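Numbered per the working numbering, the sequence shown spans residues 231 to 449. Yeah, the Cβ is synthetic: ideal placement off N, Cα and C, and Gly gets one too. These numbers come from a predicted model, not from an experiment. Contents: one structure, followed by commentary.
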Amino acid sequence: MKRIYLFTLLLCAFSSAIFAQKKEFFKENKHELRLSYGSVNDESYYDRFYYMSGYGYYPSYGGYYGNDYFGAATYSGATKTTGVFGLNYFYNMSDLRFSFGGALSYSGYNTDFYNRIDDSKAGYLKGHNVAFTPMIRYSWLAKEKFRLYSGIGWSFYWDITRYKMDSKRNSAKSNNTTFDNEFMLTPIGFSFGKKIFVFGEVNLGGRTGNFVGGVGYRF
């Protein structure tokens with residue numbers, strides 16, 4: 231009987247030690263900081279409708295072109311983007327399944343316009359997008375060094391545009407700032423590493439980037 235009691239005490243002590251180590255790991259790694267970079271997932275960069283100097287412009291990934299290819303006085307170059315830079319913070323729950331946090335992100339784009347008659351620069355359209363996105367994640371696989379997760383979020387963002395045209399025919403200039411919001415879904419994401427880790431994820435909607443990768447630190 232004494233042996234049974236002793237064995238039970240040892241088993242309880244061993245289990246408590248394992249549990250304490252596990253809780254200590256979770257306790258030391260509840261907070262998470264991430265630096266990210268991703269491709270632009272704001273379709274408005276390419277599908278806005280602009281009316282400039284009496285010409286209607288319709289969208290194209292390579293730029294904005296006049297309705298009249300042969301009669302338009304100006305044309306545009308390709309739309310260039312910075313990609314999406316992000317700073318993220320997450321708080322991991324004790325079981326590492328649910329995480330709550332948010333992201334600050336920035337992206338920019340630029341389109342130059344040219345005079346068709348001599349290819350000289352006629353103007354530009356520049357934009358800056360600043361967003362804050364609260365998020366919730368759930369880790370389907372939560373190992374010490376590897377995790378697979380999904381999540382949802384909602385982006386609240388400011389879109390700042392600067393437009394100027396000084397063509398051979400007309401001149402125009404405008405500055406505009408709008409505020410909007412959009413739902414975001416993260417169908418799949420992963421991270422590899424314990425304290426210092428790398429990660430990648432796919433985001434649909436929102437303003438944190440479409441295909442995103444980066445490095446993070448847990449503490």
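Just measuring C-alpha positions, the residue of Arg377, Ala361, Phe362 sitting nearest Tyr368 is Arg377.
With at least 16 other beta carbons inside 10 angstroms of its own, Asp389 counts as buried. Contact annotation, Phe449 with Asn259: C-beta distance approximately 7 Å; criterion of less than 8 Å satisfied. Within the segment 417-444, the complete beta strand (DSSP E) runs of at least 3 residues fall at 426-435. Here Thr407 is exposed. Its C-beta has fewer than 16 other C-beta atoms within 10 Å. Looking at the backbone, the Cα of Asn318 and that of Gly332 are separated by about 6 Å.
For the pair Gly435 and Phe409, the CB atoms are not nearer than the 7 Å cut-off. Collapsing the DSSP output to three states places Ala352 in a strand. Excluding sequence positions up to five before and after Ser404, its CB lies within less than 7 Å of the CB of Tyr393, all in the same chain and listed in chain order.
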